[in-house]
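Reviewing the structure listed below.
Number of protein chains: 2
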Amino acid sequence: MRAIIPFKKCNAKSRLGALLSEKEREGFAMAMLSDVAEALISSGCFGAIDILSSSIIEIRGTNIVLTEKGLNEALNEYLHKMSYHSIHEPVLIIMADIPLVSIKNIKNIASSSADIVIVPGRMGGTNALFIRDPSVFHVDYYGASFLKHREIASTNKLKHEVFDSFNLSTDIDETADLAEVLLHGTGYAARYLRELGFILAENGGRVGVKRI
Amino acid sequence: MRAIIPFKKCNAKSRLGALLSEKEREGFAMAMLSDVAEALISSGCFGAIDILSSSIIEIRGTNIVLTEKGLNEALNEYLHKMSYHSIHEPVLIIMADIPLVSIKNIKNIASSSADIVIVPGRMGGTNALFIRDPSVFHVDYYGASFLKHREIASTNKLKHEVFDSFNLSTDIDETADLAEVLLHGTGYAARYLRELGFILAENGGRVGVKRI
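Chains as they are written, first to last, in UniProt numbering: chain A, 1 to 212; chain B, 1 to 212.
In structure tokens:
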């Protein structure tokens with residue numbers, strides 16, 4: 001089984017621009033990527049972990065596959081090349097911005113008997129996607145990709161499972177999301193935010209973050 | 001084992017006021033409550049399911065416990081009265097606005113071996129709380145209640161587990177949340193929204209809802 005993590009380093013996480021400088025956003029994106037990579041490595045489920053990126057980065061235990069293509073094009077090319085080179089093994093595509101992911105989450109997905117496991121993000125996204133046979137599936141991210149991936153599975157008569165996880169549904173895009181990292185994170189991303197001076201702040205009964 | 005659902009009917013879900021009239025909000029709150037109650041009933045785990053509310057409502061298979069008290073006061077009084085009347089059984093407190101909850105979710109929580117199971121909502125909330133021995137625990141909702149409940153468990157030397165579920169983390173408070181009901185819901189709440197004319201709408205790559 002192999003894992004693929006698409007990763008954008010340049011001008012990463014632009015919606016966090018109000019609280020983090022460009023350099024800090026890149027550092028934070030790398031910290032979240034490290035959390036995801038560590039969960040994958042520690043699960044022991046994968047023979048190869050490939051990071052698809054336009055930037056040369058180094059994360060121990062992973063390979064970099066350089067690409068300038070967009071998300072869908074890069075991933076579908078990867079899946080297609082696997083078939084072309086007769087590499088027949090399941091693939092887990094997992095987003096780089098879900099730092100709450102646990103080793104148990106990964107093991108549970110990898111032990112599913114379904115053909116396709118779709119892990120929803122909030123608001124219709126797909127935060128992880130397990131594909132047993134990459135030769136009979138393609139990805140279609142952006143918008144309500146959860147519905148699109150379910151549809152692609154149905155069209156191809158593949159048995160799919162929806163994986164229910166708060167950890168995995170929590171992609172970190174906006175300022176409010178940083179609270180989730182401080183509330184539940186125990187890894188690199190939480191530590192990075194704390195070192196920058198971020199703390200939880202209650203405001204009229206709601207939880208948010210502030211930088212001290 | 002018994003279940004408690006705190007429920008506010010009067011002026012329910014005021015943050016949905018931009019898209020739903022007061023009557024529709026009450027109807028939607030009742031539909032979500034019905035989804036939660038049905039999952040509890042169908043799980044077969046509970047000898048009693050009590051709805052704590054200031055309104056007289058009827059949901060098949062449940063009892064109404066009328067109270068004018070606030071959330072924390074009403075729940076802690078309930079737990080205290082159990083001890084006072086020597087009713088020694090575990091309790092699941094579950095919010096009424098998490099319509100994506102599944103029977104499997106409930107069974108998994110009920111089969112935990114922990115003293116306390118905390119099910120996080122988004123942004124520090126607690127959407128469900130399993131208490132094995134109500135005589136040694138009290139609740140403290142609002143703000144970062146997830147952290148407070150974890151702290152109360154630690155202080156009382158109770159073994160706690162955090163239950164990881166997207167379904168249960170998804171409390172429906174704001175307009176954007178309605179998209180989650182349309183994307184993932186299969187019960188009363190999803191049907192209610194569809195009957196009012198709500199559909200998913202993509203807007204610049206983001207998923208939202210509109211009313212037709």
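Cβ atoms here follow ideal geometry from the backbone N, Cα and C, with glycine treated the same way.
Comparing alpha carbon positions, the residue from B:6, B:15 and B:29 closest to residue 192 (chain B) is B:29.
The beta carbon of residue 99 (chain B) is closer than 8 Å to those of 31, 32, 35, 36, 172, 181, 185, 187, 188, 189 and 190 in its chain, skipping five residues each way along the sequence. For residue 166 (chain B), the chain A residues whose Cβ falls inside 7 Å of its Cβ are 120, 164, 165, 166 and 169, in order along the chain. Below the 7 Å Cβ cutoff, chain B contributes no neighbours of residue 138 (chain A), its closest Cβ being approximately 19 Å away. For the pair residue 201 (chain A) and residue 150 (chain B), the Cα-to-Cα distance works out to about 18 Å. For residue 160 (chain B), the enclosing beta strand (DSSP E) covers residues 160 to 162.
For the options B:122, B:176 and B:136, the alpha carbon positioned closest to that of residue 165 (chain B) is the one of B:122. Looking from the CA of residue 174 (chain A), the closest CA among A:16, A:146 and A:1 belongs to A:16.
One alpha carbon belongs to residue 199 (chain B), the other to residue 118 (chain A), and they sit about 22 Å apart. By the Cβ rule, the segment 1 to 15 of chain B does not count as touching the segment 44 to 55 of chain A, because fewer than three pairs are nearer than 8 Å. Residue 142 (chain A) belongs to the set of residues whose beta carbon lies under 7 Å from a beta carbon in chain B. Judged by DSSP secondary structure, residue 189 (chain A) falls outside any beta strand (DSSP E) and instead within the alpha helix (DSSP H) spanning 188 to 195. Not one beta carbon of chain A lies nearer than 7 Å to the beta carbon of residue 32 (chain B). Going by DSSP, residue 150 (chain B) is part of the alpha helix (DSSP H) stretching over 145 to 155. Of all residues in the segment 172 to 198 of chain A, only 176, 179, 180, 183 and 184 come within less than 8 Å of chain B when Cβ atoms are compared, listed by chain position.
If you check the CB distance, residue 136 (chain B) and residue 75 (chain B) do not come in under 7 Å. Residue 173 (chain B) carries a coil assignment under DSSP once its states are collapsed to helix, strand and coil. Ranked by Cα distance from residue 41 (chain A), the options A:66, A:104 and A:144 are led by A:104.
For a Cβ distance threshold of 8 Å, residue set 142 and 143 of chain A lies close to residue 205 (chain B), ordered along the chain. Taking residue 207 (chain B) as the centre and dropping the five residues before and after it, the same chain places the C-beta of 179, 183, 200 and 201 closer than 8 Å to its C-beta, in chain order. Judged by beta-carbon spacing, residue 39 (chain A) lies beyond the 7 Å limit of residue 109 (chain A), meaning their Cβ atoms are not closer than that value. Annotation: residue 130 (chain B) has no Cβ neighbours in chain A at a cutoff of 7 Å; minimum Cβ distance is about 16 Å.
For the pair residue 116 (chain A) and residue 153 (chain A), the CB atoms are nearer than the 7 Å cut-off. In the three-state reduction of the DSSP assignment, residue 11 (chain B) falls in the coil class. For residue 204 (chain B), DSSP assigns no beta-bridge partner whatsoever. Within chain B, the residues whose beta carbon sits less than 8 Å from that of residue 202 (chain A) are 143 and 144, listed in sequence order. Any Cβ of chain A closer than 7 Å to the Cβ of residue 123 (chain B) would place that residue at the interface, and such an atom is present. For the alpha helix (DSSP H) assignment, the uninterrupted runs of no fewer than 4 residues enclosed by the segment 78 to 111 of chain A are, from N- to C-terminal side, 103 to 110.
The shortest CA-to-CA distance from residue 148 (chain B) to any of B:159, B:71, B:126 and B:169 is the one to B:126.
With fewer than 16 neighbouring CB atoms inside 10 Å of its own CB, residue 66 (chain A) falls in the exposed class. Under DSSP, the beta-bridge partners assigned to residue 3 (chain B) are B:49 and B:92. Only buried fits residue 102 (chain B), as 16 or more other CB atoms lie within 10 angstroms of its CB. CA-to-CA, the gap between residue 160 (chain B) and residue 12 (chain A) works out to about 36 Å.
Within the same chain, Cβ atoms closer than 6 Å to the Cβ of residue 43 (chain B) are found at 103, 106 and 107, the five residues on either side in sequence being excluded.
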